[in-house]
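Residue numbers (full-length UniProt numbering), protein chains in the order written: chain L, 1 to 392; chain H, 1 to 219.
The beta-carbon is built from N, C-alpha and C at its ideal position, and this holds for glycine as well.
All figures in this text were calculated on a predicted structure; none of them were measured in a lab.
Below is one structure, written out as structure tokens; comments come after it.
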Amino acid sequence: MSLDPARLRPADLLRLGGYGLRARPLRAVLSALGIAIGIAAMIAVVGISSSSRADLDRELAALGTNMLTVAPGQTMFGDEATLPDESVSMIRRIGPVLAATATGAVADSAVYRTDKIPSGETNGIAVLAAEQALLETVGGSLASGTWLNAATGRFPVVVLGSAAARRLGSPPTVWMDGRWWTVAGVLKPVPLAPEIDQSVLVGWKAAGTYLGFDGHPTTVYTRSVDAQVEAVRAVLAATANPADPAEVTVSKPSDALAARRATNDTFTALLLGLGAVALLVGGIGVANTMVISVLERRAEIGLRRSLGATRGQIRTQFVAESLLLSLLGGAVGVFLGYVVTGLYAITQTWPTVVPAWALIGGVGATVGIGAVAGLYPAIRAARLAPTEALAT
Amino acid sequence: MTAVIELAGVSKSYPGGVTAVRSVDLAVEYGELVAIVGPSGSGKSTMLHLIGTLDRPTHGTVRIDGHDVATLSDRQLSALRARRIGFVFQQFHLAPGRDAVANVADGLLYAGVHKKEREWRAEAALVRVGLGDRLTHRPHELSGGERQRVAIARAVAGDPAVLLADEPTGNLDSVSGAGVVELLRELNAAGTTIMVITHDHEIADGLPRQVPMRDGRVV
Numbered sequence: 001m002s003l004d005p006a007r008l009r010p011a012d013l014l015r016l017g018g019y020g021l022r023a024r025p026l027r028a029v030l031s032a033l034g035i036a037i038g039i040a041a042m043i044a045v046v047g048i049s050s051s052s053r054a055d056l057d058r059e060l061a062a063l064g065t066n067m068l069t070v071a072p073g074q075t076m077f078g079d080e081a082t083l084p085d086e087s088v089s090m091i092r093r094i095g096p097v098l099a100a101t102a103t104g105a106v107a108d109s110a111v112y113r114t115d116k117i118p119s120g121e122t123n124g125i126a127v128l129a130a131e132q133a134l135l136e137t138v139g140g141s142l143a144s145g146t147w148l149n150a151a152t153g154r155f156p157v158v159v160l161g162s163a164a165a166r167r168l169g170s171p172p173t174v175w176m177d178g179r180w181w182t183v184a185g186v187l188k189p190v191p192l193a194p195e196i197d198q199s200v201l202v203g204w205k206a207a208g209t210y211l212g213f214d215g216h217p218t219t220v221y222t223r224s225v226d227a228q229v230e231a232v233r234a235v236l237a238a239t240a241n242p243a244d245p246a247e248v249t250v251s252k253p254s255d256a257l258a259a260r261r262a263t264n265d266t267f268t269a270l271l272l273g274l275g276a277v278a279l280l281v282g283g284i285g286v287a288n289t290m291v292i293s294v295l296e297r298r299a300e301i302g303l304r305r306s307l308g309a310t311r312g313q314i315r316t317q318f319v320a321e322s323l324l325l326s327l328l329g330g331a332v333g334v335f336l337g338y339v340v341t342g343l344y345a346i347t348q349t350w351p352t353v354v355p356a357w358a359l360i361g362g363v364g365a366t367v368g369i370g371a372v373a374g375l376y377p378a379i380r381a382a383r384l385a386p387t388e389a390l391a392t
Numbered sequence: 001m002t003a004v005i006e007l008a009g010v011s012k013s014y015p016g017g018v019t020a021v022r023s024v025d026l027a028v029e030y031g032e033l034v035a036i037v038g039p040s041g042s043g044k045s046t047m048l049h050l051i052g053t054l055d056r057p058t059h060g061t062v063r064i065d066g067h068d069v070a071t072l073s074d075r076q077l078s079a080l081r082a083r084r085i086g087f088v089f090q091q092f093h094l095a096p097g098r099d100a101v102a103n104v105a106d107g108l109l110y111a112g113v114h115k116k117e118r119e120w121r122a123e124a125a126l127v128r129v130g131l132g133d134r135l136t137h138r139p140h141e142l143s144g145g146e147r148q149r150v151a152i153a154r155a156v157a158g159d160p161a162v163l164l165a166d167e168p169t170g171n172l173d174s175v176s177g178a179g180v181v182e183l184l185r186e187l188n189a190a191g192t193t194i195m196v197i198t199h200d201h202e203i204a205d206g207l208p209r210q211v212p213m214r215d216g217r218v219v
């Protein structure tokens, strides 16, 4: 007769693992809960940060990443530089540039809600001369009213940036340079050009006529063919001010938005670390449960050895039990983490995004924890001599 | 070869100098019903462990069903227990919360029997020990005598070459105990080799052969 021990079938092993847990359901649930909380925390952190990123990506896609802005920098001596008047038309001639338009700061003018406001209380609102193409180029839209057109751009008519409108209290008219100006419209926030939010916009011609605007552009907004943005960026400074390219500042506003991601990433790493600590504590809970389980079940171990279980089979049984316990916790944790992400994303009107690697990684981590936590108690169980186990 | 259990000059000493069994020679043939009888400390529990291959002798040879225990690895001994040896313990050792069929079926788990076959063989074994109407009862719903019958069913479900019963009536009242002994007789009559380890001379005297032990020796 052959004396090769029969192998335990996977289904039998699964059942064996389950018996141990079902014998003490409360303990199993509590120690699985530790794992569940750790995994849920990690999934939620990854999920919330991915959802926020997905929202940012969506925002960036809507705004476009092909906008470059040109502004005067400083001269060699630290004074404020200016852009030449013809810089906008020069920039428009760059091949891949689709649109270029300017705003010009009206230096000595300030806007007030009424003529009763003491001068100087400007609320930090700038006055900008704007060309008609500005709204389309920066991707802005109106919250109410209309944008400047060829006619209103010549008369004392303003359009308020979103923050400026809030500070002024959305009046029908504003007081500027000894004259009442009609408010034609109010803008929504412009993410790619936040400086516009703080401004009152008047027509280029009206600024010259009523406010003594010198006609120097202070910021040029450009849109280029997507594939050529970097090439355009390289020549913008020299094109805008061929005499002193070093006095020109070129920036890409979408980069600033994208930088928010990097900030998020650091924060996410920190929270992920906290989640990992929770998971570790959960794993220790499982190990503790398994150690106690082995101590309590010496008689069962002895019986199984007398029924013909090999040491390996005893070991596998306890590892299976530990794996099952952590998998249970992991599954609940992944579910909880997903739900938390979903709820948070809904409150932020973000899309709910939990990357597949996080789900797979979460389950993978629990399998790893289960194996590690169960191995030592299982080895102890297997080392127990049958006679010693039966004596208890 | 007709001896299922063959002990030749077997001694067992434990670290610390305690010798539980001293040069015992014993042969039990297939189909026998034997009682090892002796007071506590006489070495009969050690005899059970040696014959049950749960422990190895310090000296001498133990042959079970023709296999020399000394030549077998731990894995092979496990397989020998799984297929050729059935155990019945004083404390029954039934899994609480699992019904009689599940408890008995576990006895076949390590012999590589499929779940379906384990279950029907468990049912057959339970019918054999007179618990045909208690298949789905859990241990706490059974009397002590019935629990020991479940344990006996678990031991015989795999048709072992030898059934080792360690104080099978130790935890039972005399009526239940007598019932269990009667069951062992019936199983023996049907062909199972049985060795009962007991301190109770009354039970031993009712069996066909007694091996009295005292201070680690067969007397």
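CB contact below 8 Å: residue i versus chain L
i	result
H/K115	yes
H/H93	yes
H/L163	no
H/Q90	no
H/M153	The question names Met, yet the displayed sequence has Ala at residue 153 of chain H. No, no contact with chain L.
H/A190	no
H/G107	yes
H/Q148	no
H/Y30	no
H/R98	yes
H/A82	yes
H/L7	no
H/G52	yes
H/L142	no
H/D159	no
Any chain H beta carbon closer than 8 Å to residue i
i	result
L/A6	yes
L/L17	In the sequence as displayed, the identity of residue 17 of chain L is Gly instead of Leu. No, its Cβ sits nowhere closer than 8 Å to a Cβ of chain H.
L/Q317	no
residue 401 of chain L	Nothing can be reported for residue 401 of chain L, as the shown portion of chain L is limited to 1 through 392.
L/L3	yes
L/T387	yes
L/L303	yes
L/S31	no
L/D55	no
L/A28	no
L/A356	no
L/S293	no
Beta-bridge partners of residue i, as assigned by DSSP
i	result
H/K116	According to DSSP, H/K116 bridges with nothing at all.
H/L33	H/I194
L/M290	Beta-bridge pairing links L/M290 to no other residue.
H/A27	H/E6
H/I19	According to the sequence displayed, residue 19 of chain H carries Thr and not Ile. Bridge partners of H/T19: H/S13.
L/A126	L/S199
Residue interval of the alpha helix (DSSP H) (run including residue i)
i	result
H/P160	Careful: H/P160 lies outside any alpha helix (DSSP H) and carries neither H nor E.
L/G337	311-347
H/R201	Note that residue 201 of chain H is His in the sequence shown here, rather than Arg. Where H/H201 is concerned, the enclosing alpha helix (DSSP H) stretches over 201-205.
L/G139	That residue, L/G139, is in no alpha helix (DSSP H); it is neither H nor E in DSSP.
H/G41	It is not in any alpha helix (DSSP H) - H/G41 carries neither H nor E in the DSSP assignment.
L/L13	10-23
L/P377	356-383
H/R185	174-189
H/P212	Unbroken run through H/P212 is the beta strand (DSSP E), 209-214; no alpha helix (DSSP H).
8 Å Cβ shell around residue i - same chain, five flanking residues per side excluded
i	result
H/P140	Note on identity: in this sequence residue 140 of chain H is His, with Pro being the wrong assignment. Once the five neighbours on either side are set aside, the close Cβ partners of H/H140 are P96.
L/A54	W350, P351, V353
H/P39	H199, R214
L/W175	V111, Y112, R113, T114, D115, I117, W181
Span of the beta strand (DSSP E) around residue i
i	result
H/F87	85-88
L/S251	248-251
H/V4	3-14
H/I64	59-64
L/P245	That residue, L/P245, is in no beta strand (DSSP E); it is neither H nor E in DSSP.
Own chain partners of residue i with C-beta closer than 7 Å, once the 5 adjacent residues on each side are dropped
i	result
H/A204	A35, V37, T198, Q210
Own chain, CB closer than 6 Å to residue i, minus 5 neighbours either side, in chain order
i	result
L/G283	I369, A373
H/L77	T53
L/V157	T182, A184
Under 7 Å by beta carbon: chain A residues contacting residue i
i	result
L/A309	Of the protein chains in the structure, L and H, none is chain A.
Residue i: CB within 7 Å of a non-hydrogen atom of the ligand ZN
i	result
L/L21	In the structure shown, the ligand ZN is absent, as is every other ligand, since no ligand is present at all.
Can you give, in chain order, each stretch of the alpha helix (DSSP H) that sits fully within the segment 187-236 of chain L and has at least 4 residues?
You should have 194-197, 204-211.
Can you give, in chain order, each stretch of the alpha helix (DSSP H) that sits fully within the segment 37-121 of chain L and has at least 4 residues?
If only uninterrupted alpha helix (DSSP H) runs of at least 4 residues are considered, those enclosed by the segment 37-121 of chain L are 87-92.
Please list the segments of the alpha helix (DSSP H) lying wholly inside the segment 150-187 of chain L, counting only runs of 4 or more residues, in order along the chain.
162-168, all fully within the segment 150-187 of chain L.
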